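Position 56 of the sequence shown, counted from 1, bears residue number 71 in my numbering, the numbering being contiguous throughout. Backbone N, C-alpha and C define an ideal beta-carbon position, used for all residues, glycine too. Only a predicted model underlies this, so the values are computations on that prediction, with no experimental measurement involved.
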Amino acid sequence: MDLLERLPAIESRFEEVNRLLADPETLSDMQKLKNLSKEYKKLNKIIPVGKNYRLVVDNIANAKKILEEEADEEFRAMAKDELVQLSSEVEKLEQELKNLLIPEDPEDSKNVVLEIRAGTGGDEAALFAGDLFEMYRRYAEKKGFEFEVNDYHEGSVGGYKEITVSIRGEDCYGLMKFESGVHRVQRVPDTETQGRVHTSAATVAVMPEAEEFDVVLNDNDIIKETFCSSGAGGQSVNTTYSAVRLTHVPTGVVVSMQNERSQIKNYEMALKILKTRLYDLEIEKRNAEQAALRKSLVSTGDRSAKVRTYNFPQSRVTDHRIGLTIYNLPAILAGDLDEFIEALRLAENMAKLENLQTV
16 MDLLERLPAI
26 ESRFEEVNRL
36 LADPETLSDM
46 QKLKNLSKEY
56 KKLNKIIPVG
66 KNYRLVVDNI
76 ANAKKILEEE
86 ADEEFRAMAK
96 DELVQLSSEV
106 EKLEQELKNL
116 LIPEDPEDSK
126 NVVLEIRAGT
136 GGDEAALFAG
146 DLFEMYRRYA
156 EKKGFEFEVN
166 DYHEGSVGGY
176 KEITVSIRGE
186 DCYGLMKFES
196 GVHRVQRVPD
206 TETQGRVHTS
216 AATVAVMPEA
226 EEFDVVLNDN
236 DIIKETFCSS
246 GAGGQSVNTT
256 YSAVRLTHVP
266 TGVVVSMQNE
276 RSQIKNYEMA
286 LKILKTRLYD
296 LEIEKRNAEQ
306 AALRKSLVST
316 GDRSAKVRTY
326 NFPQSRVTDH
336 RIGLTIYNLP
346 AILAGDLDEF
356 IEALRLAENM
366 AKLENLQTV
């Protein structure tokens, strides 16, 4: 990848984006304005680094020219010293520039809709789903994110059969997107009399929350049903038809919401979740198409993949995508996920950088 050859096109695009941001037509189109503003922010970081890089490369060429042509030993010694310093500087600038040129996931800045569902393992799977819920709640708390439960169905002995949560904060999806997949737990259940370790699982889906312009729904494509909300075990908790079920006919996606006492609030929340799921389907499709090109171990978009195992007897947590194992399970369940998340982000960026080198 020749960085110097890329800089003129980047600088030209920066000037064009600057011009478009001042165009009245852009100011009247909120989605276009938002996209251009995001692009401007990224390009504005690249431009000064690119200028410094070009300047250092030119200075290196001048120093080499002096060494080739100058007979005066004092000048040659100065050029040699400068060349050592410039060579170290150009390496740092080159790496910084490469990192800035890594394509950003356009969804990274979005808020998150998190869904946790109990998988294989019966009651123990529901209890583990509850543990994962607490883990993400504590992680969100540490990051200063807003954390709001949208809807849930409790397990018969605790935990959750399924639970849906909204998480809001800066770079929220960018931090949490790698949590999607199958999480396994290996431990001795409270009901186990022989002390045998059982394996259970829960599925985590982290979806970027759909914004106003992301999904356009046709009212004729949605079937709305209302029903009485129910609690654990299926018993009715009220006699009004406040719960809402929305079915998107073209895709078959169904969303039920009963957490609020108001039918209107349940409908609004169900519609938001429906848009997010439909948006997520598009993202999964895009990620699956890109995965073959990226050679990435992380962003496969495969929600059925086993991503992490939590082993209680050994206090061990292993992320199978990057082979990282941490022997501090209590801290992980307390929301200390930064080491995993940063390692996963680094792996993804390295994969992107590798692909960038070949372009």
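Start and end residues, alpha helix (DSSP H) containing residue i
i: Q100; result: 88-116
i: D138; result: 138-158
i: P39; result: 39-42
i: V76; result: Sequence inspection shows Ala at residue 76; the Val mentioned does not correspond to that position. Here the alpha helix (DSSP H) through A76 covers 45-84.
i: S27; result: 18-36
i: G189; result: 187-191
Integer-rounded CB distance, given that residue j should sit under 8 Å from residue i
i: I182; j: E207; result: The pair is not a contact, with the Cβ atoms about 34 Å apart (cut-off 8 Å).
i: V32; j: Y68; result: With a Cβ gap of about 20 Å, V32 and Y68 do not count as contacting.
i: E165; j: I25; result: The question names Glu, but residue 165 in the sequence shown is Asn. With a Cβ gap of about 41 Å, N165 and I25 do not count as contacting.
i: V440; j: K300; result: With the chain running from 16 to 374 in the structure shown, residue 440 is simply not present.
i: L147; j: A216; result: No, L147 and A216 are not in contact; Cβ-Cβ is about 10 Å, not under 8 Å.
i: E97; j: A78; result: 5 Å
i: Y175; j: Y167; result: 5 Å
i: L108; j: V71; result: 6 Å
i: T41; j: K47; result: 5 Å
i: V230; j: K290; result: 4 Å
Minimum C-alpha distance to residue i - residue among the options
i: F355; options: A225, A217, V332; result: V332
i: R360; options: L129, N114, V203, Y167; result: N114
i: A220; options: I279, I298, E185; result: I298
i: R91; options: L82, I117, N59; result: L82
i: A94; options: E109, N74, Q110; result: N74
i: T214; options: V264, L116, A140; result: A140
i: I238; options: Y175, E109, A225, P265; result: P265
i: E240; options: D120, L232, V180, V269; result: V269
i: N350; options: L129, K125, A155; result: The question names Asn, but residue 350 is Gly in the sequence shown. G350 has its Cα closest to that of A155, out of L129, K125, A155.
i: F29; options: L58, Y325, E275, I279; result: L58
i: G170; options: K157, R132, R199, E185; result: R132
i: Q278; options: L339, E363, R260; result: R260
i: Y294; options: N126, L51, E104, K53; result: N126
i: G134; options: D205, T340, E177, V128; result: E177
i: D353; options: G65, A37, K192; result: K192
i: L368; options: E104, E111, S43, E84; result: E111
i: D186; options: R199, P223, Q201; result: P223
i: F327; options: Q209, L18, A346; result: A346
i: Y325; options: R21, V64, R199, L232; result: R199
i: L296; options: E104, I337, L348, A225; result: A225
i: E149; options: L19, V180, E119; result: V180
i: E104; options: S124, N50, V64; result: V64
i: V212; options: V230, Q329, N233, K157; result: Q329
i: Q201; options: E275, R152, S52, L344; result: L344
Buried versus exposed, by CB contacts within 10 Å (16 or more), residue i
i: G136; result: buried
i: L190; result: buried
i: F2; result: No statement about residue 2 is possible, as the shown extent of the chain runs from 16 to 374 and does not include it.
i: S257; result: buried
i: G173; result: exposed
i: C243; result: exposed
i: S251; result: Below a pLDDT of 50, predicted positions are generally treated as unreliable, and S251, at 46, falls in that range; the measurement from the model is reported next regardless. That one is exposed.
i: S195; result: buried
i: M45; result: exposed
i: G145; result: buried
i: R34; result: exposed
i: E357; result: exposed
i: A86; result: exposed
i: Q273; result: buried
i: M281; result: First, the amino acid is wrong: residue 281 is Asn here, not Met. The residue is buried, with at least 16 neighbouring Cβ atoms inside 10 Å.
i: G248; result: Interpretation of G248 is limited by its pLDDT of 44, a score under 50 that renders its predicted location unreliable; the figure taken from the coordinates is listed afterwards. So G248 counts as exposed.
i: D334; result: buried
i: V128; result: buried
i: Y342; result: exposed
i: G210; result: exposed
i: T340; result: exposed
i: A37; result: exposed
Endpoints, the beta strand (DSSP E) within which residue i is located
i: D166; result: 161-169
i: V180; result: 175-183
i: A258; result: 258-263
i: K239; result: 237-242
i: E130; result: 127-133
i: E196; result: Rather than Glu, the amino acid found at residue 196 in this sequence is Gly. 196-202 is the extent of the beta strand (DSSP E) around G196.
i: P223; result: 213-223
Inset, instruction - Could you pull out every unbroken beta strand (DSSP E) segment of at least 3 residues lying fully inside the stretch 314-345, listed in chain order? - result: 321-326, 331-334, 339-341
Inset, instruction - Entirely within the stretch 262-298 and at least 3 residues each: give me those beta strand (DSSP E) ranges in chain order. - result: 268-272
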